[in-house]
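Remarks on the structure that follows.
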Amino acid sequence: MVGCEPQVSLIDVEDVSKAYGGIRALDGCTMSFEDGRINGLIGPNGSGKTTLFNVMTGYEKPDGGCVRFAGDEVTRLSPDRVFGRGIGRTFQLTRIFPRMTVVENLHVASQRGGGFWKELSRWSSPGERERTKEVLDFVGLTRLATEQAGNLSYGQQKLLEFACIIIARPRVMLLDEPAGGVNPTLLRHLASRVRELNAEGITFVIVEHDMEFVMGLCDRVCVMHQGRALCAGPPELVREDPLVLEAYLGTDMREGASTVPGVSELGGG
Amino acid sequence: MAVAAPARDLLSPREVDPVFYDRFALSKRTRAIAWLVLGAILIAFPIVITNATAVSIGVFTMLFLLAAVGWNIFSGYSGYISIGHAVYYGFGQYTVALLILHLGIQPGAGEIAIAPLGGLVAAAVAVPVGFLVLRVRRHTFIVLTIAVMFIFQLLAFNFPSITGGSTGMNVPPPLWTGTHFTMPFYYVALGTAIVALVVSWGIRRSKFGLGLLAIRDDEDRAKGLGIKVTRAKLIALVTSAFFVGVAGALYAPFVGQVFPQFAFDPFYDLYLAVFVFVGGLGTLSGPVLGALVLGPIQKYSEIQFGATTLYLIVYGVLFVLILLLLPRGIVPSVADRYRSILASRWRRAEERRAAATAAATTAPAGSEVGYQRGGV
Amino acid sequence: MLVLQGIIDGILAGGLYALMGAGLTLVFGVMEVINFAQGIIVVLGAYLTYVFSTHIGVDPFVTLLITIPIMFVFGYGVYELLLRPIKRDRVIMSLLVMYAVAVIVEGVLDLAFGGTLVQVHASYVNKSIHVGSLDFPLIYLYAFGLSALLLALLYLLLYRTKFGRSLRATTQNPTAAQLVGIDVHRVSATTLGIGVGLGAAGGMLFGATTAFNASSSYDLISRLLVIVILGGFGSVWGAMIAAIIMLVVEDVVAVVWSPVWGQTVFYLVLALVLMFRPEGLFGRRVARAQ
Numbered sequence: 001m002v003g004c005e006p007q008v009s010l011i012d013v014e015d016v017s018k019a020y021g022g023i024r025a026l027d028g029c030t031m032s033f034e035d036g037r038i039n040g041l042i043g044p045n046g047s048g049k050t051t052l053f054n055v056m057t058g059y060e061k062p063d064g065g066c067v068r069f070a071g072d073e074v075t076r077l078s079p080d081r082v083f084g085r086g087i088g089r090t091f092q093l094t095r096i097f098p099r100m101t102v103v104e105n106l107h108v109a110s111q112r113g114g115g116f117w118k119e120l121s122r123w124s125s126p127g128e129r130e131r132t133k134e135v136l137d138f139v140g141l142t143r144l145a146t147e148q149a150g151n152l153s154y155g156q157q158k159l160l161e162f163a164c165i166i167i168a169r170p171r172v173m174l175l176d177e178p179a180g181g182v183n184p185t186l187l188r189h190l191a192s193r194v195r196e197l198n199a200e201g202i203t204f205v206i207v208e209h210d211m212e213f214v215m216g217l218c219d220r221v222c223v224m225h226q227g228r229a230l231c232a233g234p235p236e237l238v239r240e241d242p243l244v245l246e247a248y249l250g251t252d253m254r255e256g257a258s259t260v261p262g263v264s265e266l267g268g269g
Numbered sequence: 270m271a272v273a274a275p276a277r278d279l280l281s282p283r284e285v286d287p288v289f290y291d292r293f294a295l296s297k298r299t300r301a302i303a304w305l306v307l308g309a310i311l312i313a314f315p316i317v318i319t320n321a322t323a324v325s326i327g328v329f330t331m332l333f334l335l336a337a338v339g340w341n342i343f344s345g346y347s348g349y350i351s352i353g354h355a356v357y358y359g360f361g362q363y364t365v366a367l368l369i370l371h372l373g374i375q376p377g378a379g380e381i382a383i384a385p386l387g388g389l390v391a392a393a394v395a396v397p398v399g400f401l402v403l404r405v406r407r408h409t410f411i412v413l414t415i416a417v418m419f420i421f422q423l424l425a426f427n428f429p430s431i432t433g434g435s436t437g438m439n440v441p442p443p444l445w446t447g448t449h450f451t452m453p454f455y456y457v458a459l460g461t462a463i464v465a466l467v468v469s470w471g472i473r474r475s476k477f478g479l480g481l482l483a484i485r486d487d488e489d490r491a492k493g494l495g496i497k498v499t500r501a502k503l504i505a506l507v508t509s510a511f512f513v514g515v516a517g518a519l520y521a522p523f524v525g526q527v528f529p530q531f532a533f534d535p536f537y538d539l540y541l542a543v544f545v546f547v548g549g550l551g552t553l554s555g556p557v558l559g560a561l562v563l564g565p566i567q568k569y570s571e572i573q574f575g576a577t578t579l580y581l582i583v584y585g586v587l588f589v590l591i592l593l594l595l596p597r598g599i600v601p602s603v604a605d606r607y608r609s610i611l612a613s614r615w616r617r618a619e620e621r622r623a624a625a626t627a628a629a630t631t632a633p634a635g636s637e638v639g640y641q642r643g644g645v
Numbered sequence: 646m647l648v649l650q651g652i653i654d655g656i657l658a659g660g661l662y663a664l665m666g667a668g669l670t671l672v673f674g675v676m677e678v679i680n681f682a683q684g685i686i687v688v689l690g691a692y693l694t695y696v697f698s699t700h701i702g703v704d705p706f707v708t709l710l711i712t713i714p715i716m717f718v719f720g721y722g723v724y725e726l727l728l729r730p731i732k733r734d735r736v737i738m739s740l741l742v743m744y745a746v747a748v749i750v751e752g753v754l755d756l757a758f759g760g761t762l763v764q765v766h767a768s769y770v771n772k773s774i775h776v777g778s779l780d781f782p783l784i785y786l787y788a789f790g791l792s793a794l795l796l797a798l799l800y801l802l803l804y805r806t807k808f809g810r811s812l813r814a815t816t817q818n819p820t821a822a823q824l825v826g827i828d829v830h831r832v833s834a835t836t837l838g839i840g841v842g843l844g845a846a847g848g849m850l851f852g853a854t855t856a857f858n859a860s861s862s863y864d865l866i867s868r869l870l871v872i873v874i875l876g877g878f879g880s881v882w883g884a885m886i887a888a889i890i891m892l893v894v895e896d897v898v899a900v901v902w903s904p905v906w907g908q909t910v911f912y913l914v915l916a917l918v919l920m921f922r923p924e925g926l927f928g929r930r931v932a933r934a935q
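Chains as they are written, first to last, in the working numbering: chain A, 1 to 269; chain B, 270 to 645; chain C, 646 to 935.
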């Protein structure tokens, strides 16, 4: 959906910086992710994508700048608070609870809030069972429900991690390289699930290297380079932008480039 | 849903919910029967067996059982291995000894009745201790729990005005004789152990317990998913401390004396750890199995060889053999074996069924993602 | 003045404990194993020294030439036989296994020597140098010197040899080390051998400075564990500094207050430090994060 009309942004990253020793992973990064869209976040290795995710979800504290979610600042919240606000996130190295069953994994993820006394109740009330089954069916893991998560294949674990975020009914889902090490069938399955969830109103921000996946799935793509935002816009325009090509390929293709309508430049590379 | 059933009908008519019914585990009915049978045996034991030494060993075993289940509630579920639970054991003993001394409780049933107080004091101690030790992880945690225990042991030595120092405290045992002496202790210990088991079971079934297991697997992720990890660990520790404290509180009047090195006994935790490990750490029946099997062996060897140093060597060698041969514990290993046998049988039945269906229709078998394990 | 004497005693004794603790922390750093047997190893080293020096009649320091190699082999063997096969739950399993080893060795020693306290004798054991009103026991000076020498050798081994590099690589990342062709098991076995050897050397010194029997190991291992945690698991420097600090504190408190309180303070200091710095003085942040 190409659009030059301003959309409401759900997550705003404002001038965020983060350095590790001498390496500036994020260097005054400013960008926004639009509500209701499937936002892609791409950039060459080392551009700071995962660091940005970590800052956005509270796993790292930035040295400067702030992150806003639906207008509220969430910069220094701890990861569980961030999760509580409705921001769910997957990891590059899939993390699940290996010694618990698939069902138990899902139940842990669905506990949000509630006082202590509620915790003494059975961990799967009928309502929760329904929801769990729903989510299991949605991702296609029903048959493996009572298996130990550690015994699942890598792709199945990725689906499980995905399911664990879904079950918590988040407002936005941040997916960190969901296509990594995954076969095409599963990838298509995943993509279709993302579209379905997006149709129900969940916003996505997806970090990926697989260009086909990103261009085919995302409504809008943001490009990062060397810790800052390079540009953002609809996928077909971004992929032709000479600045983006330069960032990835390193060749100077500036001359001959003309301003392309629909691409907003948010800061120099 | 007619199934070409193998020798055993795995789809019990009562629970056909494929998501929540684990068809590769023992049915609830079988498990309930097993527990009841075990309970009956344990209850009948001192009535049937009249040998005083045997029943005495039984009492110690029941106390081990109580403490093992208690220990497992914390270390088994949360994955934080504590080798310093002797702190709570010691507090249980000293509390009872001090109460008897200062309140002038006469030898008799009163001494047993105050056991819960020993547990409560131990649980109260667990709060500040927990605040200290739960800040660290894994190896540091293990050693810190030992250090804390030694602190208390040394304090017990250093305050003879309160604790009797190295001469210990006398706890006049109830003036009953023969089996009239051992039986009440046995049943109280057994009863408390049953309570502990019920609590352990309840925790395992609850959201709270699920949170603990998540902490065990990946604490940072658990935290990221909103689980209040510090609170969960602390509550588990306090609960665990209560039961271990009661074990100590019953031990004191049974044995008659409280010494710092046996109250805050570094060996004690290692016994508990081995019992629970052998049975299966983090399982419900593991501590029970471990305590019931190894407890009597440990006590018996102590009685037979305790006076000689041969005991130490034999114990150590046995210890090593057990650890190397049964690394996962009995219950998980057996459960896994059972499970894989059932699973392969079920899979073969499914394949036969799918082949029959495929012959009848042209629909591809298993179009769901994840149907074939490892195929994704 | 007494406090100064306490400080000196502490520093000298600290050197000795540093040696014993270095082996412990090194082993932990390389294979994440808490060697519960280090206490009894020290005692074993002390007994071996006692036996060799009394029956062969040589100076205790010379017996080290026999004792250290024997103990190295012992440590190597223990790793290969008992620790290498452990596949799951390495932390707790290895702890329990080493504890079992400690129990067995203690039983054997108790059987062989009984409970009588013995001490290694040498002509200089009870002599000391006097500087003003301060006392510098000769044996402690020699002990400190030997510790310093052995720790210096350890440093050379760690930082100037290929093996040392392999060892340090394994400490930092066993998987990556394997990927570059380091035989992690051999490194671990050798490290345990070294750790045990150092402990035994410490044992010789311990045996010369204190009367001991098989049950002395409990006190030893508790203190060593405290020292190693305080210094930070895996950090040999940390162990050295922590050993000196702890022993100084203990001796000063013992002098100022009472010996029993000195002991208690030992553990209290640990508890206090860990409250504010869970990874110890020089430990890696492994202790805090999972």
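Just so it is clear, CB atoms sit at the ideal spot from N, CA and C, and this is done for glycine as well. Given the structure is predicted, the values throughout are model-derived calculations rather than measurements.
> Tell me which same chain residues have a C-beta within less than 8 Å of the C-beta of D704 (chain C), skipping the five on either side of it?
Replying inline: S698 and A767
> Curious, which full-length alpha helix (DSSP H) runs of at least 4 residues does the segment 507–532 of chain B contain?
Replying inline: 529–532
> What runs of the alpha helix (DSSP H), each 4 residues or longer, lie entirely inside the segment 33–91 of chain A?
Replying inline: 49–56 and 79–85
>> So that I know if they touch, is there some Cβ in chain B lying closer than 7 Å to that of R930 (chain C)?
In response: For R930 (chain C), the predicted model reports a pLDDT of 45, less than 50, meaning its position is unreliable and no value from the coordinates is stated.
> What residues in the segment 389–423 of chain B have a beta carbon less than 8 Å from any beta carbon of chain C?
Replying inline: L401, R404, V405, R406, R407, H408, T409, I411, V412, L413, I415, A416, V417, F419, I420 and L423
>> Run through chain C and tell me which residues come within less than 9 Å of P258 (chain B), C-beta to C-beta.
In response: The requested residue 258 (chain B) is not part of the displayed model; chain B covers only 270 to 645.
> Given a limit of 8 Å on CB to CB distance, which residues of the segment 610–630 of chain B reach chain A?
Replying inline: none
> What's the C-alpha gap between A462 (chain B) and A682 (chain C)?
Replying inline: 33 Å
>> So for M270 (chain B), helix, strand or coil by DSSP?
In response: Here M270 (chain B) scores only 37 on pLDDT, less than 50, and its place in the model should not be relied on; the value that follows carries that caveat. M270 (chain B): coil per DSSP, three-state reduction.
>> Pull the bridge partners of H225 (chain A) from the DSSP assignment, please.
In response: A:R228
>> Below 9 Å on C-beta distance, what does E677 (chain C) contact in chain B?
In response: R407 and H408
> In three-state DSSP terms, what is D219 (chain A)?
Replying inline: coil
> Taking Cβ positions, are I11 (chain A) and D219 (chain A) nearer each other than 7 Å?
Replying inline: no
> Looking only at DSSP bridge pairs, what is D755 (chain C) linked to?
Replying inline: Note: D755 (chain C) sits in no beta bridge, so no partner.
> When you check each C-beta in the segment 895–922 of chain C against every C-beta of chain B, which residues fall closer than 8 Å?
Replying inline: V905, W906, Q908, T909, Y912, L913, L915, A916, L919 and M920
> When Cβ atoms are compared, which residues of the segment 483–494 of chain B fall closer than 9 Å to chain A?
Replying inline: A483, R485, D486, D487, D489, R490, A491, K492, G493 and L494
>> With DSSP as the reference, identify every bridge partner of A19 (chain A), one or two as the case may be.
In response: A:R24
> Hey, is S867 (chain C)'s beta-carbon within less than 7 Å of any beta-carbon in chain B?
Replying inline: yes
> Along chain C, in chain order, which residues have C-beta atoms closer than 8 Å to that of L539 (chain B)?
Replying inline: L741 and Y744
>> Excluding the 5 residues flanking D780 (chain C) on each side, which residues of the same chain have their C-beta closer than 7 Å to its C-beta?
In response: Q650 and S773
>> Give me the subset of the segment 328–353 of chain B whose CB atoms are less than 7 Å from a CB atom of chain C, sorted by chain position.
In response: I350
> Helix, strand or coil: how does DSSP classify M100 (chain A) here?
Replying inline: coil
> Quick one: is L479 (chain B) near chain A, going by C-beta distance under 7 Å?
Replying inline: yes
> Do you know how far the Cα of I572 (chain B) is from the Cα of T90 (chain A)?
Replying inline: 57 Å
> Which residues of chain C have a Cβ atom closer than 8 Å to the Cβ of F426 (chain B), listed in chain order?
Replying inline: V905
> Do the CB positions of V841 (chain C) and F719 (chain C) come within less than 7 Å of each other?
Replying inline: yes
>> Given this structure, state the Cα-to-Cα distance separating H107 (chain A) from G28 (chain A), to the nearest angstrom.
In response: 39 Å
> Whose C-beta lies closer than 6 Å to the C-beta of Y744 (chain C) among residues of the same chain, with five residues either side of it excluded?
Replying inline: F681
> Comparing alpha-carbon positions, which option in A:M173, A:G48 and A:G127 lies nearest G36 (chain A)?
Replying inline: A:M173
>> Which of the three DSSP states is assigned to F781 (chain C) in this structure?
In response: strand
>> Buried or exposed, going by whether 16 or more other CB atoms sit within 10 Å of the CB of I610 (chain B)?
In response: exposed
>> Do P565 (chain B) and T330 (chain B) count as a contact pair if the criterion is CB distance below 7 Å?
In response: yes
>> Tell me the DSSP secondary structure of T319 (chain B) in three-state form.
In response: coil
> Can you list, in chain order, the stretches of the alpha helix (DSSP H) that have 4 or more residues and sit fully within the segment 542–597 of chain B?
Replying inline: 554–574 and 579–594
> Leaving out the 5 sequence neighbours to the left and right, which residues in its chain are closer than 7 Å to A25 (chain A) when beta-carbon positions are compared?
Replying inline: K18, A19, G48, T51 and G227
> Can you name, in chain order, every residue of its own chain whose Cβ lies under 7 Å from the Cβ of G644 (chain B), other than the five neighbours on each side?
Replying inline: A caution first: G644 (chain B) carries a pLDDT of 37, below 50, which makes its placement in the model unreliable, though a value can still be read off. Closer than 7 Å at Cβ, skipping near neighbours: no residue.
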